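Take a look at the structure set out below.
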RNA sequence: GCGCCGGUGGCUCAGCUUGGAUAGAGCAGCGGCUUCCUAAGCCGCCUGUCGUGGGUUCAAAUCCCACCCGGCGCGCCA
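Numbering (our numbering), first residue to last: 47 to 659.
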């Protein structure tokens, strides 16, 4: 059978047809040897062999045992006369494995067609109509966002993008805790003029009586100034704490209009939103925690639990439930729901919030710091106790600390995202000026912003969420190696090359990217680097699907880096423009495809694919 | 003390979900590459008891157990 005529159909995942075909053929051949196996099961066993040993590998140890033979004999027997068909260039047995080599030209054609025809859709799945809510970031509106908290946003936003790419209908939510102790403390201190603040709060904030926000200062930076002092005061001073409680109580009773109470948190939130937007993070909905108190749903939840057989009263009058039968550590078997004064605790309001989410969405995902793991289990137990069959899903990440220790606003040991982004911008601008003195100021600024914010986002994303990060300035601001600028640079090179092709010979470029990209059959054998790049490009769709399924969002940062590596190596080794004329169409198509995949993968991590830098 | 999560070259990390063939990158170090598509690049060299010890298996960085180290948590905070 000729293997030179590539299939004309377009596949979202170029690997799907050969995998399925190989699995089917194997199923038939294994059946001849008394092994009845579903093709899907065989496909699940197909793995990647080591470099240079082919493209698909099937370990035969387990099945050889079942067939009472040794793996190598089985592999050799299967390799014997295995049909190559449209997809394969070779099949060989090796040490108990059966290795399949894909027909390079088939893989090249299939990949180029998929990438160039599907374009921005390459890697994405069609809509599946499933409604998902991803709640992330949800920082207390008490001041500036620090780098640790921003990990939540970066990881969460990437997960949102991955789920969307996988076809989900995703709503990204930010839960605004305006009524908890922390936000209430800030509302309380700003409810008085500065000259009425306790002296220690005022001096700690560095504000004198009658101070006003300096021109251009972000609202979260300004309004957050008294927070460390005020929160310390409230922790130590019973009278101050009492004032905060009363403020909350009055708000809950409707004696303070929501608009008025929320003024400070809302303005802080505006600052937070601006910072998050700078790293590409946007939300569909902001849900105010106090809403669940004001609309009565918290009361309903409390009534429900109070009436349940698990309810109990603590000394002092607080309401709790006995959750001994639920999967919780022993000490948490009793879950406290209210304070002694009857006011609701966070977890109760969270129950109300989740009841609403579960009613609206098919899947509910919470992106939380690892310190919330136990809270989440408590919440899940309460939801179950409340008779809810479905459960929210938890996505956690570990903390970001500083070399000196844990970040602490109170100890002044904290790096804010604003400061980090500013420093990144400044350093990036320096680099741009150095490397491209020819660019005008506006473009240099624009590139610096993109490179700087990209580097920061990339740095915090590229590590498996479960791992703790020790933040170091030099690493966060690295513009080479495993970093966003490395990827952006590869993209800029590809864009530049295509720009030149467009300028010098637009007809040839259009021809190369026509409906049969690269104009197969090829004039000869591809370079190794061409095939390596193509193989990397072909893996993108299955990667996106895997990330959406597992939440391994760091792989989405690692992948474009791998594409950039392959592209840079190729670019260095093979001359495209002015090289071998017969190869020009294919190579232009390959560069265009690499650029497209870089764009698509960078889009998923909200890093701008620069055309020049 | 109990629970959850991490521990892979000097440093920072992939790989662990679903065990598979010589454990991959980046940074740092050393040595090369620019009359030619952007050198934020490329090529080469150097660096590993995969925390420790047991177990399961034809096969363990990957699964199980114990221990060590680090992070996080363990009711009137969120």
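Glycine residues also receive a C-beta, built at the ideal position from the N, C-alpha and C atoms. Every value quoted in this text rests on a predicted model; they were computed, and no experiment measured them.
For residue i, the three-state DSSP class (helix, strand or coil)
{"i": "residue 223", "result": "coil"}
{"i": "residue 136", "result": "strand"}
{"i": "residue 102", "result": "strand"}
{"i": "residue 652", "result": "coil"}
{"i": "residue 372", "result": "coil"}
{"i": "residue 61", "result": "coil"}
{"i": "residue 334", "result": "strand"}
{"i": "residue 443", "result": "strand"}
{"i": "residue 533", "result": "helix"}
{"i": "residue 75", "result": "helix"}
{"i": "residue 362", "result": "coil"}
{"i": "residue 411", "result": "strand"}
{"i": "residue 217", "result": "strand"}
{"i": "residue 493", "result": "helix"}
{"i": "residue 325", "result": "coil"}
{"i": "residue 665", "result": "Residue 665 is absent from the model: the chain starts at 47 and stops at 659."}
{"i": "residue 382", "result": "strand"}
{"i": "residue 584", "result": "helix"}
{"i": "residue 640", "result": "helix"}
{"i": "residue 424", "result": "helix"}
{"i": "residue 599", "result": "coil"}
{"i": "residue 451", "result": "strand"}
{"i": "residue 235", "result": "helix"}
{"i": "residue 462", "result": "strand"}
{"i": "residue 82", "result": "coil"}
{"i": "residue 185", "result": "coil"}
7 angstroms CB neighbourhood of residue i in its chain, flanking five on each side removed
{"i": "residue 413", "result": "180, 181, 182, 198, 201, 202, 205, 441"}
{"i": "residue 449", "result": "516, 518"}
{"i": "residue 50", "result": "For residue 50, the predicted structure reports a pLDDT of 42, less than 50, and the residue's modelled location is therefore unreliable. The matter cannot be settled from this model."}
{"i": "residue 134", "result": "146, 147, 148, 149"}
Reference residue i, options the options, closest by Cα
{"i": "residue 418", "options": "546, 393, 432, 651", "result": "393"}
{"i": "residue 525", "options": "568, 273, 432, 481", "result": "481"}
{"i": "residue 623", "options": "193, 545, 432, 584", "result": "545"}
{"i": "residue 621", "options": "368, 637, 370", "result": "637"}
{"i": "residue 193", "options": "68, 379, 514, 351", "result": "514"}
{"i": "residue 458", "options": "65, 142, 385, 190", "result": "190"}
{"i": "residue 162", "options": "557, 626, 508", "result": "557"}
{"i": "residue 214", "options": "615, 590, 70, 95", "result": "590"}
{"i": "residue 109", "options": "138, 91, 432", "result": "91"}
{"i": "residue 274", "options": "506, 455, 631", "result": "455"}
{"i": "residue 474", "options": "432, 530, 271", "result": "530"}
{"i": "residue 510", "options": "522, 478, 598, 574", "result": "598"}
{"i": "residue 291", "options": "232, 327, 561, 306", "result": "232"}
{"i": "residue 136", "options": "312, 98, 472", "result": "98"}
{"i": "residue 94", "options": "610, 65, 77, 70", "result": "65"}
Residue range of the alpha helix (DSSP H) that includes residue i
{"i": "residue 266", "result": "265-269"}
{"i": "residue 290", "result": "284-298"}
{"i": "residue 198", "result": "193-211"}
{"i": "residue 621", "result": "Residue 621 -> no alpha helix (DSSP H), and no H or E assigned at all."}
{"i": "residue 400", "result": "392-406"}
{"i": "residue 525", "result": "Looking at the DSSP string, residue 525 is not in any alpha helix (DSSP H), and its letter there is neither H nor E."}
{"i": "residue 112", "result": "107-112"}
{"i": "residue 570", "result": "Run containing residue 570: none; DSSP gives neither H nor E here."}
{"i": "residue 557", "result": "552-558"}
{"i": "residue 247", "result": "245-251"}
Close Cβ partners of residue i (< 8 angstroms) along its chain, the five nearest in sequence each way excluded
{"i": "residue 60", "result": "153, 156, 157, 160, 584, 587"}
{"i": "residue 254", "result": "240, 248"}
{"i": "residue 47", "result": "Because residue 47 sits at a pLDDT of 39, beneath the cut-off of 50, its placement in the model cannot be relied upon, and the following sentence gives the value as read from the coordinates. Excluding sequence neighbours, residue 47 sits near 129, 130, 131, 132."}
{"i": "residue 404", "result": "410, 429, 434, 436, 438"}
{"i": "residue 165", "result": "642"}
{"i": "residue 84", "result": "73"}
Sequence-distant residues of its chain with Cβ nearer than 6 angstroms to residue i (five each side left out)
{"i": "residue 228", "result": "186, 188"}
{"i": "residue 648", "result": "606, 655"}
{"i": "residue 380", "result": "366, 368"}
Residue range of the beta strand (DSSP E) that includes residue i
{"i": "residue 145", "result": "143-148"}
{"i": "residue 181", "result": "177-181"}
Does the segment 531-543 come within contact of the segment 514-521, defined as at least 3 CB pairs closer than 8 angstroms? Taking a contact to require three or more Cβ pairs closer than 8 angstroms, the segment 531-543 and the segment 514-521 do not qualify as touching.
Within the chosen definition, does the segment 142-161 reach the segment 560-573 through at least 3 CB pairs nearer than 8 angstroms? With a cut-off of 8 angstroms, the segment 560-573 and the segment 142-161 count as touching, because enough Cβ pairs lie within range.
At least 3 beta-carbon pairs within less than 8 angstroms: the segment 493-506 vs the segment 453-473: They touch, by the three-pair rule.
Tell me whether the segment 338-345 and the segment 359-366 touch, counting them as touching only if at least three CB pairs, one residue from each stretch, are closer than 8 angstroms. Segments in contact, no.
Three or more C-beta pairs below 8 angstroms linking the segment 254-267 and the segment 161-179: Verdict: no, contact absent.
If you pair each beta-carbon of the segment 394-404 with each one of the segment 426-435, do three or more pairs fall below 8 angstroms? Contact check between the segment 394-404 and the segment 426-435: three or more CB pairs, one atom from each, fall below 8 angstroms, which counts as touching.
Across the segment 279-287 and the segment 370-387, are there enough close Cβ pairs to call them in contact, namely three or more that are closer than 8 angstroms? Taking 8 angstroms as the limit for Cβ pairs, the verdict is that the segment 370-387 does not touch the segment 279-287.
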